[in-house]
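For the sequence shown, position 359 (counting from the first letter as 1) is numbered 359 according to this note's numbering, and the numbering increases by one without interruption.
What follows is a single structure, written as structure tokens, with notes after it.
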Amino acid sequence: MISSSRIASIRSIRVANEARIEAKKLEMDTKAMEDRLCAVRMSVLRDQQQLELERSQMHNGHRWKSSRKGHGKAELKSETRNVFDNQLNENTKKANQLQRSENVRKWNHCEIQNWLAQIGLEEYGAAFEFNNVTGAILLKLENQDLAHLGMETPSARDRMLKAIKALRYGKASFAKDTEKAKRIQRETLEDKPSRIHWSHTAPMAGIASEHQTLVNAADAEDAGHSSYINRALEWKGQEANARSEDTLWSNPAFEVTNGELIKGTLNEEKEHEAFRAAVLAWRTAARPVKNPAVVCERKEKESLANFGKQSCWQCYRVGIAGAMMEDLISRKRFCSAACRDLYRKECAHLMDRRQKANDSELDPAGHKVPF
Numbered sequence: 001m002i003s004s005s006r007i008a009s010i011r012s013i014r015v016a017n018e019a020r021i022e023a024k025k026l027e028m029d030t031k032a033m034e035d036r037l038c039a040v041r042m043s044v045l046r047d048q049q050q051l052e053l054e055r056s057q058m059h060n061g062h063r064w065k066s067s068r069k070g071h072g073k074a075e076l077k078s079e080t081r082n083v084f085d086n087q088l089n090e091n092t093k094k095a096n097q098l099q100r101s102e103n104v105r106k107w108n109h110c111e112i113q114n115w116l117a118q119i120g121l122e123e124y125g126a127a128f129e130f131n132n133v134t135g136a137i138l139l140k141l142e143n144q145d146l147a148h149l150g151m152e153t154p155s156a157r158d159r160m161l162k163a164i165k166a167l168r169y170g171k172a173s174f175a176k177d178t179e180k181a182k183r184i185q186r187e188t189l190e191d192k193p194s195r196i197h198w199s200h201t202a203p204m205a206g207i208a209s210e211h212q213t214l215v216n217a218a219d220a221e222d223a224g225h226s227s228y229i230n231r232a233l234e235w236k237g238q239e240a241n242a243r244s245e246d247t248l249w250s251n252p253a254f255e256v257t258n259g260e261l262i263k264g265t266l267n268e269e270k271e272h273e274a275f276r277a278a279v280l281a282w283r284t285a286a287r288p289v290k291n292p293a294v295v296c297e298r299k300e301k302e303s304l305a306n307f308g309k310q311s312c313w314q315c316y317r318v319g320i321a322g323a324m325m326e327d328l329i330s331r332k333r334f335c336s337a338a339c340r341d342l343y344r345k346e347c348a349h350l351m352d353r354r355q356k357a358n359d360s361e362l363d364p365a366g367h368k369v370p371f
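Have a look at this one:
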């Protein structure tokens, strides 16, 4: 049985442990409170610095510049002047746009065709010209009008409407530069020399000097004609020689100098022998063989191809079917007598093993032992 002093010592140890745990918890709580207090102090310090910075940027203690002292009529006059200038600029811009739109209203068919080519819709130029679309009509076109003009795709109609809108507000550079382009075109047409047809020019043979070769060989017509006649005669002579050398057939358009096939005097057996001799010569010339083993192997392969192949029942060697040795008992073919005798020995050994196995399964009375 535990004594009272022992119980008292255990209780004192337990109380001391609990007190130590509580002290550690209090210490951790105080550290957490100190960290929070430091964070609060830092935030207050940052707010105070921000407030001082904002105060330094104020004008005479006021946040807004307009509320300072001395804000009088001079600045008010400058602001009204700026508003008046902006209105004047807008009015001049509108006047320029109206002037440009007036220039577009005076467009003719040629200028509309150029404008269509500039925006990439020149394929609809024929429809615009057929319907007599002028500049004044162009500014009034809408989506339905464009569909009537043959613009079936919505993307093409959208592009056209955007371009027309740009013309209305004077944003297109083509309306501004039309007259300038016309003037430049007239000046270039006046300065450009007229074209001359090739039939009215001097031939190149007359331009060349005495010691200079011809630039164009077609100018020397006499020399070219004589060279052509010589080439034609030479080609005809070669064709005649070729016909005379050929003895098998003849061209009925010329004189018959040969034609053994038509006459029926061709010896077919002689031609066949010549063909076979040529094939044999080609084979021997293309594949020269000096090794006798290779020759024997080739002959063996040729004989196998002619008489058929068959494998030995014992060694599985492939040989000629006619050269195989047949066993009269088993009716199987072998390549040699040795393979045949070996096969017979293996069969006899297998039969002995089967007989011994059957004898071991029988009892002394000759009955089969059940398992």
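Glycine included, each C-beta is placed from N, C-alpha and C at the ideal position.
Query	Result
CB-CB length for Thr134 against Asn114, believed under 8 Å	Rounded, the Cβ-Cβ distance is 14 Å, inconsistent with contact.
For Lys309, the residue or residues it bridges with in DSSP	Ile320
Alpha-carbon to alpha-carbon, Trp313 and Ser330	11 Å
Nearest-angstrom Cα separation, counted from Arg298 out to Lys345	35 Å
For Leu146 and Phe128, believed in contact at Cβ under 8 Å, the rounded distance	Incorrect: roughly 10 Å between the Cβ atoms, too far for contact.
N- and C-terminal bounds of the alpha helix (DSSP H) containing Glu34	Ser4 to Gln57
Selected residue, minimal CA-CA separation from Glu152, among Glu123, Arg168 and Leu167	Glu123
Close beta carbons around Leu116, own chain, < 8 Å, minus the five adjacent residues each side	Glu122, Tyr124, Gly125 and Phe128
Length of the line joining the Cα atoms of Cys339 and Ala277	43 Å
Under the three-state DSSP convention, the category Glu326 falls into	strand
Residue environment, Arg333, which counts as buried when at least 16 other CB atoms sit within 10 Å	buried
Buried or exposed by the 16-neighbour rule on C-beta atoms within 10 Å, applied to Cys335	buried
Reference Ala163; option with closest CA among Asn131, Tyr343 and Gly120	Gly120
heavy atom of the ligand FMN below 8 Å from Glu297 C-beta	No copy of the ligand FMN appears in this structure; indeed no ligand is present at all.
Supposed contact pair Ile112 and Leu139 - C-beta distance, whole angstroms, cut 8 Å	Actually they do not touch by this definition, with Cβ atoms about 11 Å apart.
Unbroken alpha helix (DSSP H) run spanning Glu122, endpoints	Note, Glu122: premise wrong, no alpha helix (DSSP H); not H, not E.
Range covered by the alpha helix (DSSP H) that runs through Cys347	Ala337 to Ser360
Per-residue burial, Val15 [other beta carbons within 10 Å of its own, 16 or more giving buried]	exposed
Buried or exposed (CB count within 10 angstroms, at least 16 for buried), Leu37	exposed
Continuous alpha helix (DSSP H) stretch holding Leu146: start and end	Asn143 to His148
Other residues of its chain near Met160: CB distance less than 7 Å, five sequence neighbours each side excluded	Leu121, Leu146 and Met151
Spatial distance of Lys24 from Ser3 (CA atoms)	33 Å
Span of the alpha helix (DSSP H) around Lys165	Pro154 to Arg168
Simplified DSSP assignment, three categories, for Arg195	coil
Arg6, buried or exposed, once every other Cβ within 10 Å from all chains shown has been counted against 16	exposed
Alpha helix (DSSP H) segment containing Leu138, residue limits	Gly135 to Leu138
Distance between Ala39 and Glu54 (C-alpha atoms, nearest Å)	23 Å
Under the three-state DSSP convention, the category Arg331 falls into	coil
For Ala136, the nearest candidate out of Asp352, Leu167 and Ala156 (CA to CA)	Leu167
Spatial neighbours of Asp327 in its chain, beta-carbon cut-off 6 Å, leaving aside the 5 residues before and after	Arg340
Outcome for Gly319 when other beta-carbon atoms lying within 10 angstroms are tallied against a minimum of 16	buried
Whole-angstrom distance between Ala293 and Leu350, CA atom to CA atom	39 Å
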